[in-house]
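In my numbering, the protein residues as written are 647 to 810.
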Ligand SMILES: [Zn+2]
């Protein structure tokens with residue numbers, strides 16, 4: 647999936663791009679199994695990215711259906727044209743509002759930022775606007791393959807968290 651994000655962001659650099667993240671929680675580990683692209687009606691500039699909401703909604707609904715609703719919306723990813731992989735103030739506000747809004751059906755919103763140096767900043771954002779930088783298992787495979795991998799992950803690796 648990180649390869650997919652890189653392949654999406656390289657052609658449009660220095661413009662930002664991004665999309666939604668899908669995955670599921672198991673053994674206390676959040677598995678991020680997929681990332682959408684931005685869609686044909688997205689806005690992409692060096693300082694602003696707005697994804698194509700309708701396109702991303704269709705992407706999500708297809709994955710929810712195929713996975714019998716095991717795979718759900720978990721958050722957002724976007725690229726940065728700089729080497730900064732930490733969220734900007736705008737990013738923090740937007741993730742906070744996603745965590746607050748009922749129609750996203752998440753209590754926490756995950757954000758992955760891909761810097762121009764291909765470093766990933768993974769943060770998890772709460773309703774109150776606070777966030778943590780996480781180490782997260784990112785599985786660059788389809789959810790079908792991911793299910794087979796779960797056995798290999800037992801006992802689960804401990805998730806490391808630290809507060810910024
Ligand atoms: Zn950003």
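Cβ coordinates follow ideal geometry from the N, Cα and C atoms, glycine included.
Exercise. Could you check which residue in 648, 774, 759 has the C-alpha nearest to that of residue 695?
Key: Working through the chain shown from its first residue, we reach residue 695 at position 49. Nearest of 648, 774, 759 to residue 695, Cα basis: 759.
Quiz item: Is the region 728–742 in contact with the region 761–778, if contact means three or more CB pairs nearer than 8 Å?
Solution: As far as the Cβ criterion goes, the region 728–742 touches the region 761–778, which means the pair count is three or higher.
Quiz item: Taking just the CA atoms, how far does residue 728 sit from residue 710?
Solution: On the chain shown, residue 710 is found 64 positions in, with the first residue counted as 1. On the chain shown, residue 728 is found 82 positions in, with the first residue counted as 1. So the two alpha carbons sit approximately 33 Å from each other.
Quiz item: Between residue 664 and residue 684, is the Cβ-Cβ spacing less than 8 Å?
Solution: Along the chain shown, one-based indexing puts residue 664 at 18. Along the chain shown, one-based indexing puts residue 684 at 38. Yes, the pair counts as a contact, with Cβ atoms nearer than the cut-off.
Quiz prompt | Inter-residue spacing [alpha-carbon to alpha-carbon] between residue 812 and residue 689 | solution = There is simply no residue 812 to check, as the chain begins at 647 and stops at 810 in what is shown.
Self-check item: Runs of alpha helix (DSSP H) wholly within the region 726–764 (minimum 4 residues, chain order)
Solution: For the region 726–764, the continuous alpha helix (DSSP H) assignments of 4+ residues that do not extend past its boundaries occur at 735–746, in sequence order.
Quiz item: Looking at the unbroken beta strand (DSSP E) that takes in residue 701, where does it start and where does it end?
Solution: If you number the chain shown from 1, residue 701 lands on position 55. No beta strand (DSSP E) holds residue 701; the alpha helix (DSSP H) holding it covers 699–712.
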